[in-house]
Structure formats: C-alpha cells, structure tokens
Ligand SMILES: [Zn+2]
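In my numbering, the protein residues as written are 294 to 468.
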C-alpha cells in the first residue's frame, strides 16, 4: 500500500458537480407478464427464480428541466398492435427529444439577463460563489445557459468548468 506524503490534503475540485443537471428523464415501462417454463433451482446455491417474462406494453417518460420553460410534457405510448416494438419506440422517441434538447438548448445558450440588484451584488462581491475562494481581478458573471439567470460572481476558470456537464440521465422506475 502506498500512502500519500505526510500533510498532503485532498480537495474537492469538480465544482461543476455542485450544479443541478439541466435535464433529467424520468421513465417507466408497463408490461404484460407471461408465465415461463423453468426448472427447480438447487437450494444449495444462490439463485433467482424466474417465473414470468415481462413484455413491454407501454411507457411514459417525462423530461424535467431547470424551470417550466425547459420542462417537457410527459410522453405516453401504449401498445396498439401486436407488432409494436415498445422498447424500440421508446428509444426512437427519446433520441428525437435528445436531439431537440441539444439543438434548442445546448447549441443556443441564452444570454445573461442581469437585474440592477444583481449587478450591484456582483460589483461588491469578493468571493467566488463556486469555489468560495477570493476573487481578484479574475471575476466574471456566471449564468445558466438554459434559463439565462445570473448564478453569481465566479473565477473565469470556475465559470468555464461549470460548462462541462453535457449528459442526459435517464432514471427508470425499477431498473
Ligand atoms: Zn472559483
């Protein structure tokens, strides 16, 4: 085991991880269940008893943004024909919306809307709201590119780091 040198410190540096994710997908599938043929497991071993096959019959997903302007209406789909491939429909609908989010929001960042009060508070600010360290001449106005809202005074490097996250988490019920 190799230990770090004496008196070294670990510091949190991924400041962008403190910011909320701009878009999150919440999704759920509904399924028809069909009995499955199976054999008796060996009780001496650890096992999973599979007795039903789940065949998707529909889904709903909801994309939550940072505010009401960036939140989408829930998308619902129910199987109407035997040939409907619900999982494939889910992936294609999600891909369409993901492209829309990328083109409409990531590629077109909103410019900053600064109120007089926010400008005054920026002028007086001495500490970066992201890393909490002192601001010197390196002071910029950090804002949300999706809502246009002012977030706070920041170092240029902290501000640039907060542009990093470009991912769309999909949170499934029971998956
Ligand atoms: Zn900073």
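We treat Cβ as the ideally placed atom computed from N, Cα and C, and that holds for glycine.
Pick out whichever of 325, 322, 341 has its Cα sitting closest to the Cα of residue 331. Nearest C-alpha to residue 331 among 325, 322, 341: 341.
Report buried or exposed for residue 446, applying the criterion of at least 16 other Cβ atoms within 10 angstroms of its Cβ. The residue is buried, with at least 16 neighbouring Cβ atoms inside 10 Å.
Restricting to Cα atoms, I'd like to know which of 404, 324, 432 is closest to residue 467. Of the candidates 404, 324, 432, the one whose C-alpha sits nearest the C-alpha of residue 467 is 324.
Measuring only the C-alpha atoms, how far is residue 305 from residue 425? Looking at the two C-alpha atoms, the distance is approximately 12 angstroms.
Contact defined as beta carbons within less than 8 angstroms: I believe residue 405 pairs with residue 439. What is the distance between those atoms, to the nearest angstrom? Their Cβ separation, rounded to whole angstroms, is 12 angstroms, which puts residue 405 and residue 439 out of contact at 8 angstroms.
Span separating the alpha-carbon of residue 349 from that of residue 326: Their Cα atoms are separated by approximately 9 angstroms.
Can you list, in chain order, every residue whose CB sits closer than 6 angstroms to a heavy atom of ligand 1? Residues with their Cβ less than 6 angstroms from any non-hydrogen atom of ligand 1, running along the chain, are 421, 423, 424, 426, 447, 448, 451.
Please report the residue range of the beta strand (DSSP E) in which residue 411 lies. Here residue 411 belongs to no beta strand (DSSP E); instead the alpha helix (DSSP H) covers 409-417.
In three-state DSSP terms, what is residue 350? DSSP places residue 350 in strand when its eight states are reduced to three.
DSSP three-state call for residue 314: helix, strand or coil? DSSP places residue 314 in coil when its eight states are reduced to three.
Please report the residue range of the alpha helix (DSSP H) in which residue 365 lies. Neither: residue 365 is in no alpha helix (DSSP H) and is coded neither H nor E.
Using the Cα positions of residue 384 and residue 451, report the straight-line distance between them to the nearest angstrom. Each residue's alpha carbon lies about 35 angstroms from the other.
What did DSSP end up calling residue 326 once you bin it into helix, strand or coil? In the structure shown, residue 326 falls within a strand segment according to DSSP collapsed to helix, strand and coil.
I need the boundaries of the alpha helix (DSSP H) containing residue 390, first residue and last residue. Note, residue 390: alpha helix (DSSP H), 379-394.
When you compare the CB positions of residue 354 and residue 395, do they come within less than 8 angstroms of one another, or not? No, Cβ-Cβ distance for residue 354 and residue 395 is not below 8 angstroms.
Among 437, 465, 463, nearest to residue 313 - alpha-carbon criterion: Answer by Cα proximity: 437.
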